[in-house]
Amino acid sequence: MNINDTKIKKGDLLVSQPFMIDGNFRRTVVFLTEYNEEGALGFILNRPIDFKVDELMPDFPDFDAVGYFGGPVATNTIHYIHKFGEQVEDSIEIKDGIYWGGNFEKLKFLIDNKIITENDIRFYVGYSGWSPGQLEDELIHGSWIIAPFNPNFIFKVKERDLWKKVLENKGSNFEVIAQIPETFFLN
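At position 166 of the sequence shown the residue is numbered 1505 (our numbering), and the sequence of numbers has no breaks.
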C-alpha cells in the first residue's frame, strides 16, 4: 500500500481494536505526530506511569505532572506535547494548536515560572514507531481504527476513559465497540 492511498495523516488518532493482543498497545489511543514515506511516529495518550516528571529528569523544576508511556521504542528518551507553540522555540505544530517538543531550557524556564502548568503539557517516555509500510499493513489487517483528533483527548479526558470516549465520539458502530468489556473473554 502506498502512503498516498491511505486516509491516515499526521495529527490523527490510532485506536487499538478491542481484541489487540500486544500488551504495549492493548486499549490504547496513539496520537500520530509524524506520518510520511519514512514511517510513522506517535505517543500513547492513555498509559500513565508511576513517576512524576521531575523524578524522571535531573535538574528539572519541581513539577507535579505524571509521566506517560509513549511507546516501546527508545524508552530512554523523554518527549513532550504541549499548547505553547511560539513560546517554546523549535516546537513543531502537529494539529490544532498542539505542539511537540521544542527548546528544553525554555520549557524548564516556563515551568519554573508557573507559565506552563500540569494541565498544559504531557511528558512521554519512549514513543510508538512504525517503519515504512508497517502501519499501513497493520491498518489493512484491522489492528487500528483511525479516529479524528480533539485536543481535549490529550488534556481533559481521563486516561482510563480515553479509549472508550474516542470510539464513542467516532459514532455509529464504534459506539458499540466501545462497550466491549476489557475482559470480554470472561463473559
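Just so you know, even glycine gets a beta-carbon here, dropped at the ideal spot from N, CA and C. Computed from a predicted structure; not experimentally measured.
Straight-line gap, residue i to residue j (C-alpha atoms, nearest Å)
i	j	result
Gly1350	Asp1429	18 Å
Leu1501	Pro1387	12 Å
His1421	Arg1461	6 Å
Gly1406	Ile1479	32 Å
Pro1471	Lys1445	33 Å
Val1505	Val1354	8 Å
Asn1489	Pro1397	32 Å
Ile1454	Gly1436	17 Å
Trp1483	Asp1393	33 Å
Extent of the continuous beta strand (DSSP E) run through residue i
i	result
Val1368	1368 to 1375
Phe1364	Phe1364 -> no beta strand (DSSP E), and no H or E assigned at all.
Asn1415	1412 to 1421
Val1496	Counting along the chain, Val1496 falls outside any beta strand (DSSP E), and DSSP gives it neither H nor E.
CA nearest to the CA of residue i, picked from the options
i	options	result
Glu1457	Pro1487, Ser1355, Phe1423	Phe1423
Asp1401	Glu1425, Asp1451, Gly1436, Ser1355	Asp1451
Ile1433	Val1354, Arg1499, Thr1372	Thr1372
Arg1499	Gln1473, Lys1445, Asn1512, Leu1384	Leu1384
Asp1333	Glu1475, Phe1494, Arg1365, Val1412	Nothing about residue 1333 can be read from this structure; the chain reaches only from 1340 to 1526.
Glu1376	Asn1363, Ile1360, Lys1453, Lys1348	Lys1348
Val1427	Thr1416, Phe1448, Phe1399, Val1412	Phe1448
Proximity of residue i and residue j at Cβ, strictly below 7 Å
i	j	result
Phe1370	Leu1352	yes
Gly1465	Gly1378	no
Tyr1463	Phe1382	yes
Ala1486	Lys1503	no
Leu1380	Gly1441	no
Residues bridged to residue i [DSSP beta-bridge criterion]
i	result
Leu1352	Phe1370, Ala1486
Ser1467	Gly1381
Val1405	Lys1391
Alpha helix (DSSP H) segment containing residue i, residue limits
i	result
Asp1435	Segment: none, Asp1435 is in no alpha helix (DSSP H) and carries neither H nor E.
Asp1598	Within the shown structure, residues of the chain are numbered from 1340 to 1526, placing residue 1598 beyond reach of any answer.
Phe1448	1443 to 1451
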